[in-house]
Amino acid sequence: MSVTRRKIKLTYVNTGESVIAEMLDDEAPNVCKHIWENLPIEGKTIHGMYSGAEVFVMLDNPQPMPAENMAQLPLPGELLFFYDGSSGVAGAKKPVAELVLVYGRGVVLRAHEGVPTHCSLFARIPGDWKYDWVDFAKACRRSRWEGPQVLRVERAD
């Protein structure tokens, strides 16, 4: 019996590249609920400085979540939730929450100044980044070379 998963759509607003990701409600129920209830989310992607092929969007109104389905070595296509309650790990003196998207291989999640960290894995883009969602991965990479890109995350039909 196959599991029906809730889906979210990620779209680069200015250029149109988009993908559908499946929520991992069984593995991270509280984080999935939090993200779902706060959709749509729209913000500028920031390319990770220390982690590798990942972009993130800062979330408005950061809220702590239980540690669920924690990962430090995510795979391409995985979406994660990061929260720092102002400990300074993220380089801020106030609470910070991020939606993190991994678009390539070799990512080791790191926070401010390269400090290793873990995030809650809450969704996954099906398929292979090299074959199935190449244009979206290239759009993510643009954030590194061309600067922040506007990304919208919303419920998918």
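With UniProt numbering, the residue at position 91 of the sequence shown is 91, and numbering never jumps. Virtual Cβ for every residue (Gly too), placed ideally from N, Cα, C.
Checklist entry - Bridge partners of M49, per DSSP? => result When beta bridges are read from the DSSP output, M49 appears opposite no residue.
Checklist entry - What residue ranges within the region 16-81 form continuous beta strand (DSSP E) runs of no fewer than 3 residues, ordered along the chain? => result Counting whole runs of 3 or more residues, the region 16-81 contains the beta strand (DSSP E) stretches 18-23, 41-44 and 54-58.
Next on the checklist: I'd like to check one pair, W129 with G77: are the Cβ atoms closer than 8 Å?
Outcome noted: Going by C-beta atoms, G77 is nearer than 8 Å to W129.
Next on the checklist: Can you find the residues in the same chain that come closer than 8 Å, C-beta to C-beta, to W133, ignoring five residues on each side of it along the sequence?
Outcome noted: Leaving aside the five residues that flank W133 on each side, the residues in its chain whose CB is nearer than 8 Å to its CB run, in chain order, V19, G77, I125 and G127.
Next on the checklist: Quick check: what's the CA-CA separation for E42 versus V13?
Outcome noted: Near 9 Å, if we compare the C-alpha coordinates of V13 and E42.
Next on the checklist: Using a Cβ-Cβ cutoff of less than 6 Å, which residues in the same chain neighbour L121 once the five nearest sequence positions on both sides are dropped?
Outcome noted: N69, A71, E78 and L80.
Next on the checklist: Looking only at its chain, what residues have a beta carbon closer than 7 Å to the beta carbon of S51, apart from the 5 residues adjacent to it on each side?
Outcome noted: Cβ contact annotation for S51 (same chain, cutoff 7 Å, sequence separation greater than five): V107, V108, L109 and R110, in chain order.
Next on the checklist: Is the separation between the beta-carbon of I46 and that of P148 shorter than 8 Å?
Outcome noted: It is a contact, given that the beta carbons lie within the stated cut-off.
Checklist entry - Do you know offhand how far A28's Cα is from M58's? => result The C-alpha of M58 is placed about 20 Å away from the C-alpha of A28.
Next on the checklist: Quick check on the DSSP output: what are the complete alpha helix (DSSP H) runs of length 4 or more inside the region 99-155, in order along the chain?
Outcome noted: Those alpha helix (DSSP H) runs which fall completely within the region 99-155 and span 4+ residues are 134-146.
Item to check | Which listed residue (D84, K94 and G104) has its alpha carbon closest to that of L73 | outcome: Of the residues D84, K94 and G104, the one whose Cα lies closest to the Cα of L73 is G104.
Item to check | K93, enclosing beta strand (DSSP E) - first and last residue | outcome: Annotation for K93: no beta strand (DSSP E) segment contains it, and DSSP assigns it neither H nor E.
Next on the checklist: Measuring straight from C-alpha to C-alpha, what distance separates C140 and L151?
Outcome noted: Straight across, the Cα-Cα distance linking C140 with L151 is about 9 Å.
Checklist entry - Smallest Cα separation from residue 161: which of Y83, K94 and K93? => result An answer regarding residue 161 cannot be provided, because it is not within the stretch 1 to 157 covered by the chain.
Checklist entry - What do you get for G114, buried or exposed, if any count of 16 or more other CB atoms within 10 angstroms of its CB means buried? => result Label assigned to G114: exposed.
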